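Here the structure is laid out as structure tokens; the discussion comes afterwards.
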Amino acid sequence: MSDSSLLAHFAKKLQAGDCKLTPRREHVLRVMLENKDKHLSAEEVYNLVKLRAPETGLATVYRTLELFSEHDIIHGMDFGDGRKRYELVDPADDGHHHHHLICTRCGKIMEVDEDLLEHLEHKISSKYDFQIDDHQLKVFGLCRDCQKKKKP
Ligand SMILES: [Zn+2]
Ligand SMILES: [Zn+2]
Ligand SMILES: [Zn+2]
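Below, the structure is given as structure tokens:
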């Protein structure tokens, strides 16, 4: 999906929840769209929004990110460094989200696009009679670059 159709898609989602995509909110949404592959913290979003709209306050960015989370436009996640990070919800996502690999040395976050948990899910649902809607997997370790640096 192109950025402009994604923007329209998310604007519709807001409208469905009786909210409008105001110019301020649009700045935040565009920053999220331009950094689709990253996992930005609220402060990082704020710094990028300020480049486009210098009058924006940090509280506004926080509120907007909260609003977007409530409307399932973005996901907030904690990768263990105490800062909440955000990413856009992929409209093509069937609800089972991708997994994250987190480098404990440089903080890089990589994505695993496959589910890979079907076997586990099947076992859980049959053994515990539990209907799985979603799950999150975070894998901590060292990225390729940091592994190289570690070696003499
Ligand atoms: Zn799954
Ligand atoms: Zn690393
Ligand atoms: Zn992600």
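Read left to right, the sequence shown gives residues 162 to 313 (this note's numbering). Backbone N, C-alpha and C fix where the C-beta goes; we use that ideal spot for every residue, glycine too. Because the structure is a prediction, the values reported are computed rather than measured.
Looking at the structure shown, is residue i part of a helix, part of a strand, or coil, going by DSSP?
i	result
GLU275	coil
MET162	coil
ILE263	strand
GLU248	strand
LEU194	helix
ASP179	coil
ASP306	helix
HIS200	coil
HIS236	strand
In angstroms with no decimal places, state the Cα-to-Cα distance between residue i and residue j.
i	j	result
GLN181	LYS173	In the sequence on display, residue 181 carries Lys and not Gln. Distance between the alpha carbons of LYS181 and LYS173: 9 Å.
LYS299	GLU248	15 Å
THR183	ASP198	24 Å
LEU168	ILE293	30 Å
ASP179	LYS311	52 Å
ARG224	ILE234	14 Å
ASP239	VAL192	20 Å
ARG244	GLU275	25 Å
HIS283	VAL222	40 Å
SER287	ALA177	36 Å
LEU175	LYS309	45 Å
TYR289	LEU212	50 Å
VAL250	PHE171	9 Å
LEU190	CYS264	27 Å
Quick check: residue i and residue j, are their CB atoms within less than 9 Å of each other?
i	j	result
GLY237	LEU228	no
GLY268	ASP306	no
VAL273	LEU262	yes
LEU201	LEU209	yes
HIS257	LEU278	yes
ARG246	ILE285	no
ARG185	ALA203	no
Self-check item: Quiz: which residues have CB nearer than 5 Å to ligand 3 non-hydrogen atoms
Solution: GLU248 and GLU272
Quiz item: Which residue spans inside the stretch 277–301 form an unbroken alpha helix (DSSP H) run of at least 4?
Solution: Taking only runs of at least 4 residues, the alpha helix (DSSP H) segments lying wholly in the stretch 277–301 are 279–289.
Quiz item: For ligand 2, which residues count as neighbours when the test is a C-beta closer than 5 Å to any heavy atom?
Solution: Any heavy atom of ligand 2 within less than 5 Å of a residue's beta carbon puts that residue on the list, which reads CYS264, ARG266, CYS267, LYS269, CYS304 and CYS307.
Self-check item: For ligand 1, residues whose Cβ lies under 5 Å from any non-hydrogen atom
Solution: HIS257, ASP276 and LEU278
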